[in-house]
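Trainee: Order-wise, the sequence lines are chains A and B.
Quick note on numbering: our numbering labels position 84 of the first sequence as 84, and the sequence is numbered without any gaps.
Quick note on numbering: our numbering labels position 303 of the second sequence as 625, and the sequence is numbered without any gaps.
Ideal placement from N, C-alpha and C gives every residue a C-beta, glycine not left out.
Protein chains: 2
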Amino acid sequence: MSTDLFVGIDLGGTKINTVLVDPSGRILNQDYRETQAREGPDAVIERMLDAAFRVMAGANVLSTQVRAVGVGAPGPIDIRVGMVGSPPNLPGWFNVPLGHRIASALEIPTFLENDANAAALGEHRFGAGRGTRHMVYVTVSTGIGGGFILDGKLYSGATGGAAEVGHVTILPHGPHCGCGRRGCLEALASGTAIAREGAELLMRGVPTRIAELAGGDPGRVSAKMVAQAAAEGDVEAQEIIDEAMMYLGLGMANLVNLINPEMMVIGGGLANMGDVLLDPVRRTIHRRAFRTAADAVRVVRAELGDNVGALGAAAVAMAAVK
Amino acid sequence: MSTDLFVGIDLGGTKINTVLVDPSGRILNQDYRETQAREGPDAVIERMLDAAFRVMAGANVLSTQVRAVGVGAPGPIDIRVGMVGSPPNLPGWFNVPLGHRIASALEIPTFLENDANAAALGEHRFGAGRGTRHMVYVTVSTGIGGGFILDGKLYSGATGGAAEVGHVTILPHGPHCGCGRRGCLEALASGTAIAREGAELLMRGVPTRIAELAGGDPGRVSAKMVAQAAAEGDVEAQEIIDEAMMYLGLGMANLVNLINPEMMVIGGGLANMGDVLLDPVRRTIHRRAFRTAADAVRVVRAELGDNVGALGAAAVAMAAVK
């Protein structure tokens, strides 16, 4: 058996996805389990370690055959010291040196990266962005995150805080964002933003298909329901989607004028909408970005699906040990 | 005499500034002349060549002692082919292979870069940004431009169009911009934007100190007059400055969340306002950017003054030949 294997661990608020892969990204074994985040960091780290041991043992792989472990975790992360804040979906995590804890328990070099950066590296190494030199990855789901591959390498910035594409101000006096500021892209174009706008229609008593789908309960409105209502011809729902896509396009056009990438890879739950999401983004880029830069960028859908985080974490480990 | 010399040429809409430098950036000779842009590209290129010959001849330097020439020119530039559009202040320039023309006439390798990118490289190599790994340069004058130094190198993007920081949309339905779009940072926070807001006060008949400074003529209002009126206590003028600085701060905060630089170097005519400009930018960065990233960045004034373009062009040449 090869001694050139890697473990990738994707730590999410609800699930931990762990893979054992070879250098080509082929998944040799996988473990998928609940995070049970409410039990706090120590219990969650035990669960991550157990998952790592299991993917190795289940494939008859010794820890000495694994060159490195990569971990993708929700930000804020200061790559110099570990996790520096409590992500909303991981209560109790503050200044947790997650990489060090995993490394010392497994006795395998371990590298920590924020989840969106890891996903960007995954799509670049194994997915839609293979072979590109400058690539922007954007994930649109309940939140909006991103990662930059520049000159073929992950660009993390001075403290690992680069590419926070969801927290660029798009509308200075716009709606409040989960980050505490206002008018961020995430507050305008994420699944959460779309659901919030849908719920508001119900609260204002506007008759829409969304109300039927949600059983009249604003608290039950999801982005999926708004998208479904729009697909069924509901005009109000379509306006919500159109506005969100316009803002998303604006955010992407800004990235084209700043990063001038060859490729923009869009992932996350909302990317499942396909061209309904990608076409408005492409149009706005051509309307809002400089022509040479707009002509140079291909906007495509991510390829790795639910495994993007774990494969990305493995790619972080591979890039770290070269 | 050394054979490790460089020529830097800064091509502007009104002036051509040409320097002969040693590898440390010491200026051995300099030529400063009018562009006379209305005469078109051929005449202007002749003038650039004459300036290059003169800085060499005046220092008794043969062209064989010059390793490379750098040229900074207004965008849009596609570094793959040369200048691809007509900058508003250089009429008649379209698809001009400027680098090739200079190189073949001087018989010295010549490297073309857009002026803001060249200036960024100049401040990084010889100015305020010496020794930094990740640096953002922003120039605020009649327009707003910028350049990114990432991992110690100029980041130009796929086609040389990166770091167009003046043409990021800050206010989706905001004022028209010279680039043809709306609500760009340049349309909100440049000298041109400040002058436009000042002129509007006069057109609406608002009594302000600006009107006195401009002799009552809206067409004569400059950003300098607005700044002077504000400094003398004019409330309306102060509001214009405050709003422009708020937008500038927003744009810079967005860059902190995207690039996570160690240092942000602010140059251009408006940077002469010093802390009046820098302090609101620093405050907005701390209010709008993530804390780890905001704490990690120093916002400082550029150091190279009027020679930033020419020294930057020389730095482009040095970086190209290493």
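For Val308 of chain A and Ala559 of chain B, I'd like the C-alpha separation in whole angstroms.
Mentor: Within the first sequence, numbered from 1, the residue matching residue 308 of chain A stands at position 308. Within the second sequence, numbered from 1, the residue matching residue 559 of chain B stands at position 237. Whole-angstrom Cα-Cα distance: 52 angstroms.
Trainee: Evaluate Pro261 of chain A with the Cβ neighbour count: other Cβ atoms within 10 Å of its Cβ, from every protein chain shown; 16 or more gives buried, anything less gives exposed.
Mentor: Looking up residue 261 of chain A in the first sequence gives position 261. So Pro261 of chain A ends up on the buried side.
Trainee: Below 9 angstroms between beta carbons: does that hold for Thr108 of chain A and Ala68 of chain A?
Mentor: Residue numbering aside, residue 108 of chain A sits at position 108 when the first sequence is read from its first letter. Residue numbering aside, residue 68 of chain A sits at position 68 when the first sequence is read from its first letter. Contrary to the premise, residue 108 of chain A reads as Ile rather than Thr in this sequence. Cβ atoms of Ile108 of chain A and Ala68 of chain A: closer than 9 angstroms.
Trainee: Measuring straight from C-alpha to C-alpha, what distance separates Met525 of chain B and Glu508 of chain B?
Mentor: Residue 525 of chain B sits at position 203 when you count from the first residue of the second sequence. Residue 508 of chain B sits at position 186 when you count from the first residue of the second sequence. Straight-line Cα distance between these residues: approximately 22 angstroms.
Trainee: Within the 9 angstroms Cβ cut-off, does His456 of chain B reach chain A?
Mentor: Mapped onto the second sequence, residue 456 of chain B falls at position 134. So yes, His456 of chain B belongs to the interface.
Trainee: So, is His456 of chain B buried or exposed, given that buried needs 16 or more other C-beta atoms within 10 angstroms?
Mentor: Start at 1 with the first residue of the second sequence, and residue 456 of chain B comes out as number 134. Looking at its Cβ environment, which holds 16 or more other Cβ atoms inside 10 Å, His456 of chain B is buried.
Trainee: Specify, as a first and last residue, the run of the alpha helix (DSSP H) that Ile285 of chain A falls within.
Mentor: For the purposes of this step, residue 285 of chain A is taken as residue 285 along the first sequence, with counting starting at 1. Note, Ile285 of chain A: alpha helix (DSSP H), 275–288.
Trainee: If the cut is a Cβ gap below 9 angstroms, which residues of chain A does Leu572 of chain B touch?
Mentor: Numbered from its first residue, the second sequence carries residue 572 of chain B at position 250. Thr169, Pro172, listed in chain order.
Trainee: Using a beta-carbon distance below 9 angstroms, is Asp564 of chain B in contact with chain A?
Mentor: Counting from 1 along the second sequence, the entry for residue 564 of chain B is found at position 242. Not one chain A Cβ lies under 9 angstroms of Asp564 of chain B.
Trainee: Report all residues from its chain with a CB closer than 8 angstroms to the CB of Leu384 of chain B; omit the five preceding and five following residues, and keep chain order.
Mentor: Numbered from 1 along the second sequence, position 62 holds the residue referred to as residue 384 of chain B. Excluding sequence neighbours, Leu384 of chain B sits near Met378.
Trainee: Tell me the rounded alpha-carbon separation between Val66 of chain A and Asp115 of chain A.
Mentor: The count along the first sequence starts at 1 and reaches residue 66 of chain A at position 66. The count along the first sequence starts at 1 and reaches residue 115 of chain A at position 115. Straight-line Cα distance between these residues: approximately 21 angstroms.
Trainee: Short of 6 angstroms in beta carbon distance, which residues of its chain neighbour Ala315 of chain A, apart from the five on each side in sequence? Order them along the chain.
Mentor: Locating residue 315 of chain A in the first sequence gives position 315, where the first residue counts as 1. Result list for Ala315 of chain A: Leu121, Gly122, Arg125, in chain order.
Trainee: Hey, could you find the ends of the alpha helix (DSSP H) Thr340 of chain B is sitting in?
Mentor: Taking the first residue of the second sequence as 1, we reach residue 340 of chain B at position 18. That residue, Thr340 of chain B, is in no alpha helix (DSSP H); its beta strand (DSSP E) goes 337–343.
Trainee: Who are the Cβ neighbours of Ile563 of chain B in its own chain at under 6 angstroms, not counting the five residues just before and after it?
Mentor: Along the second sequence, one-based indexing puts residue 563 of chain B at 241. Around Ile563 of chain B: Ala552.
Trainee: Strictly below 7 angstroms CB to CB, what residues from chain A border Arg610 of chain B?
Mentor: Position 288 of the second sequence, counted from the first residue, corresponds to residue 610 of chain B. Near Arg610 of chain B (Cβ distances below 7 angstroms), the residues of chain A are Thr169, Arg181.
Trainee: Hey, is the region 82–95 of chain A in contact with the region 264–282 of chain A, meaning 3+ C-beta pairs nearer than 8 angstroms?
Mentor: Counting Cβ pairs under 8 angstroms, fewer than three are found: no touch.
Trainee: Mind listing the chain A neighbours of Asn576 of chain B? Cutoff is C-beta to C-beta under 7 angstroms, in chain order.
Mentor: Looking up residue 576 of chain B in the second sequence gives position 254. Per Cβ cutoff of 7 angstroms: Val168, Thr169.
Trainee: For my contact list, Ala119 of chain A and Gly312 of chain A are in at a C-beta cut-off of 8 angstroms; report their separation, rounded to the angstrom.
Mentor: Locating residue 119 of chain A in the first sequence gives position 119, counting from the first residue. Locating residue 312 of chain A in the first sequence gives position 312, counting from the first residue. Contact flag correct, Cβ pair sits at about 4 angstroms.
Trainee: Taking the CB atoms as reference points, tell me whether Ala624 of chain B and Thr461 of chain B lie closer together than 9 angstroms.
Mentor: Residue mapping note: residue 624 of chain B aligns to position 302 of the second sequence, counting from 1. Residue mapping note: residue 461 of chain B aligns to position 139 of the second sequence, counting from 1. Against a cut-off of 9 angstroms, the Cβ pair of Thr461 of chain B and Ala624 of chain B comes out as a contact.
Trainee: What span of residues does the beta strand (DSSP E) with Phe328 of chain B cover, start to end?
Mentor: The sequence position of residue 328 of chain B within the second sequence is 6, counting from 1. Start and end: 327–333.
Trainee: Could you give the distance in angstroms between the alpha-carbon of Ile144 of chain A and the alpha-carbon of Ala521 of chain B?
Mentor: If you number the first sequence from 1, residue 144 of chain A lands on position 144. If you number the second sequence from 1, residue 521 of chain B lands on position 199. Those two C-alpha atoms are separated by around 40 angstroms.
Trainee: Taking CB distances under 9 angstroms as the criterion, tell me whether Ile259 of chain A reaches chain B.
Mentor: Along the first sequence, read from residue 1 onward, the residue named residue 259 of chain A stands at position 259. With 9 angstroms as the cut-off, Ile259 of chain A counts as an interface residue toward chain B.
Trainee: Taking C-alpha atoms, which residue in A:Pro97, A:Asp42, A:Thr3 lies nearest to Pro23 of chain A?
Mentor: Your numbering for residue 23 of chain A matches position 23 in the first sequence. Closest option to Pro23 of chain A, Cα to Cα, is A:Thr3.
Trainee: Going straight from the alpha carbon of Thr514 of chain B to that of Met547 of chain B, what length do you get?
Mentor: Taking the second sequence and counting its residues from 1, the one referred to as residue 514 of chain B is at position 192. Taking the second sequence and counting its residues from 1, the one referred to as residue 547 of chain B is at position 225. Taking the straight line from one Cα to the other gives about 12 angstroms.
Trainee: Locate the alpha helix (DSSP H) running through Phe433 of chain B, then write down its first and last residues.
Mentor: Against the second sequence, residue 433 of chain B aligns to sequence position 111. Segment 432–436 is the beta strand (DSSP E) holding Phe433 of chain B; no alpha helix (DSSP H) there.
Trainee: Is Asp10 of chain A close to chain B, meaning its C-beta is less than 9 angstroms from at least one C-beta of that chain?
Mentor: Taking the first sequence and counting its residues from 1, one reaches residue 10 of chain A at position 10. No, Asp10 of chain A does not count as interfacial toward chain B.
Trainee: Can you confirm whether the region 156–167 of chain A touches the region 574–583 of chain B when touching is taken to mean that 3 or more C-beta pairs between the two stretches lie within less than 8 angstroms?
Mentor: Enough Cβ pairs lie closer than 8 angstroms, so yes.
Trainee: Taking all protein chains shown into account, do 16 or more other C-beta atoms lie within 10 angstroms of the C-beta of Ser190 of chain A, making it buried, or fewer, making it exposed?
Mentor: In the first sequence, counting from the first residue as 1, residue 190 of chain A sits at position 190. Buried is the call here.
Trainee: Between Ala37 of chain A and Lys322 of chain A, what straight-line distance do the alpha-carbon atoms span, to the nearest angstrom?
Mentor: Here residue 37 of chain A is taken as the residue at index 37 of the first sequence, counted from 1. Here residue 322 of chain A is taken as the residue at index 322 of the first sequence, counted from 1. Their Cα atoms are separated by approximately 33 angstroms.
Trainee: From this set, B:Glu565, B:Ile532, B:Ala566, which residue's C-alpha is nearest Glu554 of chain B's C-alpha?
Mentor: In the second sequence, counting from the first residue as 1, residue 554 of chain B sits at position 232. Selected option, being the one with the closest Cα: B:Ile532.
Trainee: Mind checking the region 74–102 of chain A against chain B and listing, in chain order, the residues whose C-beta falls within less than 9 angstroms of any C-beta there?
Mentor: Under the 9 angstroms Cβ criterion, the region 74–102 of chain A contributes Gly75, Pro76, Ile77, Asp78, Val84, Gly85.
Trainee: For His286 of chain A, which of B:Arg423, B:Ala641, B:Thr386, B:Gly502 has the nearest alpha-carbon?
Mentor: As a position in the first sequence, residue 286 of chain A is number 286, starting the count at 1. The residue with the shortest Cα to Cα distance from His286 of chain A is B:Gly502.
Trainee: Nearest-angstrom Cα distance between Ala59 of chain A and Ile45 of chain A?
Mentor: Here residue 59 of chain A is taken as the residue at index 59 of the first sequence, counted from 1. Here residue 45 of chain A is taken as the residue at index 45 of the first sequence, counted from 1. In a straight line, the C-alpha of Ala59 of chain A is about 22 angstroms away from that of Ile45 of chain A.
Trainee: For Ala302 of chain A, does the three-state DSSP call read helix, strand or coil?
Mentor: Position 302 of the first sequence, counted from the start, is the residue given in the question as residue 302 of chain A. DSSP places Ala302 of chain A in coil when its eight states are reduced to three.
Trainee: For Val19 of chain A, which of A:Ala52, A:Thr35, A:Gly12 has the nearest alpha-carbon?
Mentor: What you label residue 19 of chain A is simply residue 19 of the first sequence in a count that begins at 1. Of the listed residues, the one whose Cα sits closest to Val19 of chain A is A:Ala52.
Trainee: Quick check: what's the CA-CA separation for Leu28 of chain A versus Ala103 of chain A?
Mentor: Position 28 of the first sequence, counted from the first residue, corresponds to residue 28 of chain A. Position 103 of the first sequence, counted from the first residue, corresponds to residue 103 of chain A. Cα-Cα distance, rounded: 21 angstroms.
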